[in-house]
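Structure first, then comments.
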Amino acid sequence: MGSFSIWHWLIVLVIVALVFGTKKLRNIGGDLGGAVKGFKEGMKEANSDTKPEQVSQQKVADDTIDVQAKEKTNNS
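The sequence shown begins at 1 in the UniProt record's numbering and counts up by one.
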């Protein structure tokens, strides 16, 4: 069985449009586009962040390290 021709895909597209309706398909496309846009903005924001704050370390014993970490908060 080979690949489908353009006519097969057009028939499938017409059936999908009849079943779901064009308004619902448009809403799904808009939601998908919004999700992709949000993902891209999140990736851009993650790449533009500055380096994390330095963590202070203090050696207490031979094999014990006392570490004080600060939690980063986003006040947007």
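All residues carry an ideal CB built from backbone N, CA and C; glycine is no exception.
If you draw a straight line from the Cα of Gly34 to the Cα of Asn47, it is about 20 Å long.
For Gly33, the enclosing alpha helix (DSSP H) covers residues Thr22 to Ser48. Contact between Leu25 and Ala17 holds, with the beta-carbon distance rounding to 7 Å and staying under 8 Å. Straight through space, the alpha carbons of Lys37 and Lys44 are spaced by roughly 11 Å.
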